[in-house]
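According to this note's numbering, numbering within the sequence shown proceeds without interruption in unit steps and concludes at 1110.
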Amino acid sequence: MKGLASAFIQLFNKLPKFDKKLGIHNNGVDNNYPELVESLIANSVTALRCKNLMAGYISAKGFGKDLNKTIVHKGKDTTLLQFIQEIADSLAEHNGVFIHLNYNGAFEIEDMDVLPFPQCRVGKKDDNKYTGKVIICDDWLDAKAKKTLKVIDKYNPLENVIKTQVDKAKGWDKYNGQVFYFKFGKYIYPLSPIHPCLEDADSEKRAAIYKNTSLRKGFFGKTLVVTKPLIDDTLEKGDEEYKDQEKARDDFRDTIKKFVGSENVDGVLHVEMEFEGDKLEDEILFKNIESNIDDKLFQFTENSVSDNIRMCFNNVPATLIKSSDGSLFGASGGNIQAMKEFYQDQTNDERMILEEIVNRLMSRFKKPQKGLKIIPLIKVQENVDQQNGNS
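Set out below in structure tokens:
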């Protein structure tokens, strides 16, 4: 798989290849790294569950009931809570986020909108090593789509900078605003949290495909019916007697299918062969074919790749994403609470980054807000000594 192999080369590619024609730094050797990441996560049960769980712990309960209802994009009717959930989802999936900002005539942020990460690419650096543009395309793998690129300036809230950009665009009505870009890591583009386990996510998907193919096409619940030949092999195909025997054989097969049950209609195999003897069991034989599907064949692989994927997403406790009813409800409430508190602590850095991003942008919003604090999902009970200030 060329795309998957290319993704791993990105680990050593500190300066992604610059495409002079498009004016972008490619994200991945084939410029499809974020698309590959999203596809592999979407097709892996464990990865998708972990990504969603991580995003939920990052955005948590937002900033409180009233603030959560603040509209940050009037055209899309996006609330502040929805906005931070979209940021959290991008961080959990890509370790980065692109946010489009529109300004009003007072140089305040009018609208904020999280952009799909795979659509965004970083432009060329200037002589001061500053990248001032973000280039957006609906589909970088589509040659036609690449003919309609949208070039937008990167975030710089200084009034004189915005005014210069507006003048260059020949008016506010033609101004495209700015794009705020955050990423974890030191490279131009971040590596996804699942980067070390891209192969594992792919393995989980392929194991599921194998089992599905085996169920549909393997020897699963088949019934074998063996009889003597029902058509005289000395007859010519065009003879009326041959046609009568052929019809009788078809009627026999239809009868057998009804006999074994409607759920097994496609699982009946009829074989004709010569027998010796006059006993009934020599005339017709029913044989159930055992399933050739080995339920334990991929058990070790599935468990190991699931463990690896969970570690990529900040070490998600297994019980929080996959549990049989017995193990889940058999666990004590205290244990489950401890796991939730543990994972909340594991996602603290990302939550702090989200707070920092939102406070930075909301301070320049048309209805400015400062000092916003995310309310965690889990309320951690401090012990008595801590509450009393004792060591």
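Even glycine gets a Cβ: it sits at the ideal position worked out from N, Cα and C.
Mapping DSSP to helix, strand and coil, what is residue i?
i	result
residue 829	strand
residue 802	helix
residue 913	coil
residue 1084	strand
residue 872	strand
residue 776	helix
residue 1031	helix
residue 1044	Any reading at residue 1044 must be qualified, since the residue scores a pLDDT of 49, below 50, and its modelled position is unreliable; no value is offered.
residue 759	helix
residue 783	coil
residue 844	strand
residue 1055	helix
residue 1129	The chain is shown from 720 up to 1110; residue 1129 falls before or after that span and cannot be answered.
residue 1163	Because the chain in this structure spans residues 720 to 1110, residue 1163 falls outside the shown range and cannot be described.
residue 944	strand
residue 950	coil
residue 927	helix
residue 791	strand
Looking only at its own chain, which residues have a Cβ that is under 6 Å from the Cβ of residue i, when we skip the five neighbours before and after it?
i	result
residue 1084	828
residue 789	799
residue 1070	777 and 1093
residue 736	745
residue 894	885 and 888
For residue i, count the other beta carbons within 10 Å of its own beta carbon; 16 or more makes it buried, fewer makes it exposed. Which is it?
i	result
residue 923	buried
residue 878	exposed
residue 867	exposed
residue 1092	exposed
residue 770	buried
residue 750	buried
residue 859	buried
residue 883	exposed
residue 768	buried
residue 872	buried
residue 974	exposed
residue 825	exposed
Measuring alpha carbon to alpha carbon, tell me which residue in the options is nearest residue i.
i	options	result
residue 1024	1059, 1086 and 765	765
residue 1065	1079, 1076, 1090 and 1031	1031
residue 869	850, 881 and 840	840
residue 1038	1022, 1058, 1027 and 1028	1058
residue 1095	906, 776, 743 and 741	776
residue 778	763, 792, 795 and 805	805
residue 745	842, 833 and 791	842
residue 785	1098, 822 and 1088	1088
residue 758	901, 851 and 836	836
residue 1061	1073, 1099 and 1080	1099
residue 1077	901, 763 and 741	901
residue 919	1040, 1029, 1082 and 1053	1029
residue 925	740, 760, 735 and 737	760
residue 897	796, 737 and 823	823
residue 1072	807, 1056 and 890	807
residue 947	959, 957, 958 and 964	964
residue 1054	1036, 739, 844 and 1041	1036
Who are the Cβ neighbours of residue i in its own chain at under 8 Å, not counting the five residues just before and after it?
i	result
residue 915	1027 and 1031
residue 961	950, 951, 954 and 955
residue 756	726, 812, 813, 911, 913, 914 and 917
To which residues does DSSP link residue i through a beta bridge?
i	result
residue 1076	Bridge partners of residue 1076: none, in fact.
residue 815	902
residue 822	828
residue 897	820 and 872
residue 839	855
residue 834	817
residue 850	844
Can you list, in chain order, the residues of its chain with a C-beta nearer than 7 Å to that of residue i? Leave out the 5 residues immediately preceding and following it.
i	result
residue 912	811, 814, 1031 and 1032
residue 857	838 and 864
residue 793	830
Please decide whether residue i counts as near chain C, where near means a Cβ-Cβ distance under 8 Å.
i	result
residue 1085	Looking for chain C here will not work: only one protein chain is present.
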